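Residue numbers (our numbering): 79 to 228.
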């Protein structure tokens, strides 16, 4: 199993929040998810839980975290973000069948969530304001629109 993020439940939002930056390299791409980032685990419909995983299963929490961050910051193209999810699932011990099922689902439905809506942008602006004074802020790859409007 790969290094796992340090998370705490956020009772007000029913999500998990990073308590430390989470850094990982996938296919030579350095990805840094900032402290305070919140996410809701893997977006797996309840009907699929018996054949895949529940949203907060330990085997998929970290890959889902990285994938969600890439969907917010668009550091890489969507197809590459989905491929990174698959790679991280496999490296984290998820069997090939389940990893392929999850990858197929995000490929089929991820386009509905790729573009940041106003709620996403406001979340990114708040997050950016929390971390903007850190050294090497560029390592988070916040979208320029967020940097300009935060």
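Glycine included, every Cβ here is placed at the ideal spot set by N, Cα and C.
Computed from a prediction, not measured in an experiment: that's the story for all the values here.
- When the alpha-carbon of residue 205 is set against those of 220, 143, 121 and 165, the nearest one is in 220.
- DSSP places residue 100 in the uninterrupted beta strand (DSSP E) bounded by 100-104.
- Looking only at 120, 228, 213 and 93, the smallest Cα-Cα distance to residue 166 is reached by 120.
- Selection 90, 164 and 115 evaluated against residue 98 yields 115 as nearest (Cα-Cα).
- One thing to note: residue 79 has its Cβ no nearer than 9 Å to the Cβ of residue 173.
- Scanning 180, 105 and 84 for the CA closest to the CA of residue 95 turns up 84.
- The straight-line gap separating the alpha-carbon atoms of residue 110 and residue 218 is approximately 5 Å.
- The three-state secondary structure of residue 118, taken from DSSP, is coil.
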